[in-house]
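So the structure is just underneath, and the comments pick up after that.
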Ligand SMILES: Nc1ncnc2c1ncn2[C@@H]1O[C@H](COP(=O)(O)OP(=O)(O)OP(=O)(O)O)[C@@H](O)[C@H]1O
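Residue numbers (UniProt numbering): 1 to 245.
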């Protein structure tokens, strides 16, 4: 793989908070146009890794490059659109106004570009006329659809989604997964997402890194990991790799 096909490269990433080592030497890369999953149980270090990649946590050891740039620089240039796990819309605004607000940040005064982002956001959200209601009146699933639409509509070079379907019912989770897959296929987007749902990443991701306690347990295509551990699915592979079940 040549350098310019690489969207993200992470080499020997380490992070300590206080005396606790949270990331213990993670290495992986993500190519352009790939949907990549960071998977692991609660507390494995997924959010910390995503926050470093997104340029939010700036102190760490190791080397991280986003399209050849330090994450903070890539963030500053507007290359990255990041959805935190606990992201919520502004409840006093309508869905449409929420999209306008976020579009403005990325369009930086370009009215035509802003309108293009908002139009795409409305379409991605699939909220129909409800987009003009105050988001305080939305269900949890509708709020998440709006937030996902907001994150994707600016067509970033890199989209980072922290647990996009956590705490959603089945119907909402399926809708969100379909949005992610549709956008990835239609626009060849580069997306990194985290999840503790092994079956979800098996469905969504081209390649994954399985992490536990800040370390990589496995890395590659889901089907290869399943095959190499003689498992029925990724969940079973994970249990074997971590607990030797
Ligand atoms: N600011 C902090 N101070 C102290 N410990 C922290 C801090 N941030 C994260 N940690 C610890 O680092 C470890 C990894 O946390 P992180 O949120 O990255 O994991 P995660 O895989 O995203 O977990 P979850 O699936 O629960 O969101 C956890 O043990 C967490 O308690």
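Each residue gets a CB set at the ideal place from its N, CA and C atoms; glycine is no exception.
Can you give me the start and stop residues for the beta strand (DSSP E) that residue i sits inside?
i	result
residue 14	6-17
residue 98	It is not in any beta strand (DSSP E) - residue 98 instead sits in the alpha helix (DSSP H) that spans 95-107.
residue 140	Note, residue 140: premise wrong, no beta strand (DSSP E); alpha helix (DSSP H) at 140-153.
residue 158	158-162
residue 215	215-220
residue 195	191-195
residue 207	207-212
Taking the C-alpha atoms as reference points, what is the distance between residue i and residue j?
i	j	result
residue 135	residue 129	12 angstroms
residue 105	residue 241	43 angstroms
residue 1	residue 30	Per-residue confidence for residue 1 stands at a pLDDT of 48, beneath the threshold of 50, marking its modelled position as unreliable; no derived number is given.
residue 277	residue 70	Since the first and last residues shown for the chain are 1 and 245, residue 277 lies out of range.
residue 239	residue 231	10 angstroms
residue 164	residue 18	29 angstroms
residue 225	residue 88	34 angstroms
residue 159	residue 189	8 angstroms
residue 7	residue 37	14 angstroms
residue 220	residue 200	16 angstroms
residue 218	residue 115	42 angstroms
residue 35	residue 202	11 angstroms
residue 80	residue 152	10 angstroms
residue 40	residue 74	26 angstroms
residue 229	residue 245	11 angstroms
residue 154	residue 132	20 angstroms
residue 191	residue 182	12 angstroms
residue 143	residue 15	32 angstroms
residue 66	residue 25	18 angstroms
residue 101	residue 72	22 angstroms
residue 13	residue 99	34 angstroms
residue 193	residue 122	22 angstroms
residue 168	residue 5	34 angstroms
residue 49	residue 9	12 angstroms
How would you call residue i, buried or exposed, if buried means at least 16 neighbouring beta carbons within 10 angstroms?
i	result
residue 112	exposed
residue 208	buried
residue 20	exposed
residue 61	exposed
residue 90	exposed
residue 170	exposed
residue 246	No statement about residue 246 is possible, as the shown extent of the chain runs from 1 to 245 and does not include it.
residue 58	exposed
Taking C-alpha atoms, which residue in the options lies nearest to residue i?
i	options	result
residue 51	82, 156 and 222	82
residue 125	77, 62 and 95	95
residue 197	181, 140, 233 and 227	233
residue 185	173, 167, 172 and 205	205
residue 141	24, 222, 166 and 192	166
residue 28	123, 100, 162 and 210	210
residue 138	162, 151 and 172	172
residue 86	58, 127 and 47	47
residue 223	236, 215 and 183	236
residue 77	58, 99 and 54	54
residue 22	32, 162 and 213	213
residue 175	162, 149 and 98	149
residue 120	11, 44, 187 and 13	187
residue 179	45, 127 and 215	127
residue 118	161, 110, 68 and 103	103
Let's see if you can read the secondary structure: which residues bound the alpha helix (DSSP H) around residue i?
i	result
residue 185	170-187
residue 120	111-125
residue 203	198-204
residue 232	Segment: none, residue 232 is in no alpha helix (DSSP H) and carries neither H nor E.
Which runs of the alpha helix (DSSP H) at least 4 residues long sit entirely within the stretch 28-102? Give them in chain order.
Taken in chain order, the unbroken stretches of alpha helix (DSSP H) that lie wholly in the stretch 28-102 and span 4 residues or more are 46-53 and 71-76.
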